[in-house]
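Read through the structure below, which is laid out as structure tokens, and then see the notes.
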Amino acid sequence: MVEPTARIRPVQTADERLVRFMVGKAEMEPIAIANRKLYTNPLVLALWVGLSCIFVQYMHWWPKPEEHGFMGYFSPIPAFGAFSFVFMFGIDWLNRWDFEERSAHVLRRPDLVDIPTYYSRSPSSGFWILEYDDRFIGMIALDASLDAEADNQVERGTIKKDRTGHVKMSKGTAKVATIRHFYVDEPYRPVGMQDDLLEHALKHAFSAEAKLEGVRAAESPLRNYVGDALRKYGFELEKKTERVGALRWQDSVRILHRTRWSRPMEKQ
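The sequence shown maps to residues 405 to 672 in our numbering.
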């Protein structure tokens, strides 16, 4: 029996639909994490219990085992259940707006219009897919083009293609690259598959073009596995950015300079 193997390969044109779906999934995943954090927030739990108890008192649903026997102990459950659904809906509604807006913005960026062409604009750029037993489990996209710092959306009617059907894009390498997409399926995070992806992308970027001075990446407290990988490979805090979600979690940007990357590589 052949053992399943993992491999990292460049993205292909046939992968574009899958990649766009996974990018959308990666951008929306923090909603579930943000919701879970609020579900277990002490203030939210106290408010849920308090309102449920008030409703039980109003409806006279406190347990009455002397009237209904053992089943009488279950009489308050409908109140707690009803308010749990109200709280779950409200929490999701409060968290959803920031992430849906960001997801829509990311999916309309130029790099997802023609993925192979966009990530071939610089020798240091690349979009790689991580597979295990020929099944998608992760991806990383490093943009070292001259548009590496751009975060604009593509406007309708502005896309120009050449005779081969590829989007026309300028070539060149920026001084600082950007990791635009970084995702690994949850079951594979504990074994550090994200570390392998990140190391592969960084080795390629710094070895392909001497002009490249650093790599920048976004960090979120709702994506701990990404932040842990960035810190492990020497990324330093560059700046804090927007706050997201109901509890206004602080996003930030980290950067890895070539000199900091070269030192640990020389020791290996």
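Even glycine gets a Cβ: it sits at the ideal position worked out from N, Cα and C.
Residue environment, residue i, which counts as buried when at least 16 other CB atoms sit within 10 Å
i      : result
Leu451 : exposed
Val423 : buried
Val490 : exposed
Met543 : buried
Lys607 : exposed
Ala418 : exposed
Ser611 : exposed
Lys671 : Caution is warranted here: a pLDDT of 42 is assigned to Lys671, below 50, making its placement in the model unreliable, and the coordinate value is therefore given only provisionally. That one is exposed.
Thr645 : exposed
Gln654 : exposed
Ile412 : buried
Arg658 : buried
Phe639 : buried
Lys441 : buried
Pro434 : buried
Glu471 : exposed
Trp665 : buried
Val588 : buried
Leu449 : exposed
Identified DSSP bridge partners for residue i
i      : result
Gln654 : Arg647
Trp465 : Looking at the DSSP assignment, Trp465 forms no beta bridge with any residue, so it has no partner.
Ala410 : Tyr536
Val490 : Its beta-bridge partners do not exist; DSSP assigns none.
Tyr587 : Met543
Phe531 : Ala545
Glu640 : Ile659
Thr582 : Asp547, Arg620
Inter-residue CB distance, residue i and residue j (contact presumed, cutoff 8 angstroms)
i      : j      : result
Asn445 : Gly649 : Asn445 to Gly649, Cβ: 12 angstroms. No contact.
Phe459 : Phe487 : 7 angstroms
Gly420 : Ile519 : Going by the sequence as given, residue 420 is Glu instead of Gly. Yes, Glu420 and Ile519 are in contact; Cβ-Cβ is about 5 angstroms, under 8 angstroms.
Gly530 : Tyr536 : Wrong, their Cβ atoms sit about 20 angstroms apart, outside the cutoff.
Gly428 : Ser507 : 6 angstroms
Glu590 : Arg662 : Going by Cβ atoms, the distance from Glu590 to Arg662 rounds to 32 angstroms, so no, they are not a contact pair.
Arg652 : Tyr629 : Going by Cβ atoms, the distance from Arg652 to Tyr629 rounds to 22 angstroms, so no, they are not a contact pair.
Asn476 : Pro467 : A small correction: the amino acid at residue 476 is Gly; Asn does not occupy that position in the sequence shown. Confirmed, about 5 angstroms.
Residue nearest to residue i in terms of C-alpha spacing, selected from the options
i      : options                        : result
Leu534 : Glu504, His604, Asp502         : His604
Val415 : Asp537, Leu546, Ile458         : Leu546
Lys579 : Met475, Ala410, Leu660         : Leu660
Met426 : Val558, Cys457, Tyr637, Trp532 : Trp532
His464 : Ala483, Leu616, Gly473         : Ala483
Ser574 : Arg525, Pro591, Glu407         : Arg525
Pro626 : Ala436, His472, Leu601, Glu407 : According to the sequence shown, residue 626 is Leu rather than Pro. Ranking the options by Cα distance to Leu626, first place goes to Ala436.
Pro408 : Gly485, Phe540, Met492, Gly476 : Phe540
Asp502 : Tyr443, Val453, Lys468, Asn439 : Asn439
Tyr637 : Asp599, Arg652, Asn628, Glu433 : Asp599
Gly631 : Lys615, Leu602, Ala614, Glu613 : Leu602
Pro480 : Glu505, Glu504, Trp497, Gly454 : Gly454
Asp555 : His509, Met597, Val588         : His509
Gly576 : Val558, Met597, Ala614         : Ala614
Gln557 : Glu505, Trp466, Thr521, Val595 : Glu505
### Query
Using 8 angstroms as the threshold, is the region 578-586 in touch with the region 608-621, meaning 3 or more CB pairs across them?
yes
### Message
I'd like to know if the region 508-522 and the region 535-552 are in contact, where contact means that at least 3 CB-CB pairs between them fall below 8 angstroms.
### Response
yes
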